[in-house]
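The numbering used here puts the first residue of the sequence shown at 598, with every later residue one more than the last. Virtual Cβ for every residue (Gly too), placed ideally from N, Cα, C.
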Amino acid sequence: MVRVLAFALYADEALIFGKGLSSEDEPDLWRKDLTGAIDLWIEVGLPEEKRIRRACGRARRVVVITYGGRVADMWWQQNQAALQRPDNLTIINLSAEESRALADMAARGVQLQCTLQEAELWLIVEGESLRIAPEIRLAPHTR
Numbered sequence: 598m599v600r601v602l603a604f605a606l607y608a609d610e611a612l613i614f615g616k617g618l619s620s621e622d623e624p625d626l627w628r629k630d631l632t633g634a635i636d637l638w639i640e641v642g643l644p645e646e647k648r649i650r651r652a653c654g655r656a657r658r659v660v661v662i663t664y665g666g667r668v669a670d671m672w673w674q675q676n677q678a679a680l681q682r683p684d685n686l687t688i689i690n691l692s693a694e695e696s697r698a699l700a701d702m703a704a705r706g707v708q709l710q711c712t713l714q715e716a717e718l719w720l721i722v723e724g725e726s727l728r729i730a731p732e733i734r735l736a737p738h739t740r
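Right, dumping it as structure tokens:
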């Protein structure tokens, strides 16, 4: 569901899902330009710092969406200093409550409506709505 959320946040006709866990050379989602250069690389979860650095060298823009509550906070504390270096990296965090609520919405064949307004997402599934306000932990302009 976090990959679906990432797709909604960065929706574009050229944005596609990567092969996932079966491929170490592809992100969870990515967008390439018409020349085949990687314009946007999106990782979901808690990737290794080395993987993020490698992605920053390959793509014009890299986004990492973390989740998991305390575990994500510990990952951020361990990697924050090293992740300050790339100037094309954005780190976004979902709270534990938001990620749990997303997981609760997951179901085969789910019909999802999404509205994005001023960095907030509203997801509606079967009449139930969920507000997601991702925390931006790192953005290129904040350095």
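Counting Cβ pairs, one atom from each stretch, are 3 or more of them under 8 Å apart for the stretch 712-724 and the stretch 659-666? no
For Arg740, name the three-state secondary structure that DSSP assigns. Here residue 740 refers to the residue found at position 143 of the sequence shown. Model confidence at Arg740 stands at a pLDDT of 49, short of 50, so the residue's coordinates are unreliable; what they give is reported in the following sentence. Coil.
Please list, in chain order, all residues of the same chain as Ala605 whose beta carbon is under 7 Å from its beta carbon, the five residues on each side excluded. Stepping through the sequence shown from its first residue, residue 605 is reached at position 8. Contacts found: Cys711, Leu713 and Leu718.
Alpha carbon to alpha carbon, how far is Leu720 from Leu727? Give it in angstroms, no decimals. Stepping through the sequence shown from its first residue, residue 727 is reached at position 130. Stepping through the sequence shown from its first residue, residue 720 is reached at position 123. So the two alpha carbons sit approximately 5 Å from each other.
List the residues that DSSP assigns as beta-bridge partners of Ile649. Along the sequence shown, read from residue 1 onward, the residue named residue 649 stands at position 52. Beta-bridge pairing links Ile649 to no other residue.
Three-state secondary structure (DSSP) at Glu741? Nothing in the structure corresponds to residue 741, since the chain is present only between 598 and 740.
Is it true that the CB of Ile689 sits closer than 7 Å to the CB of Ile649? In the sequence shown, the residue the question calls residue 649 occupies position 52. In the sequence shown, the residue the question calls residue 689 occupies position 92. Cβ distance not < 7 Å, so Ile649 and Ile689 don't count as in contact.
From Ala566 to Met702, what does the alpha carbon distance come to, in whole angstroms? Beyond the ends of the chain as shown, which are 598 and 740, falls residue 566; an answer cannot be given.
Same chain only: Cβ atoms within 6 Å of Arg658, ignoring 5 sequence neighbours per side: Taking the sequence shown and counting its residues from 1, one reaches residue 658 at position 61. Counting only Cβ-Cβ distances below 6 Å, and skipping sequence neighbours, we find Leu637 and Asn685.
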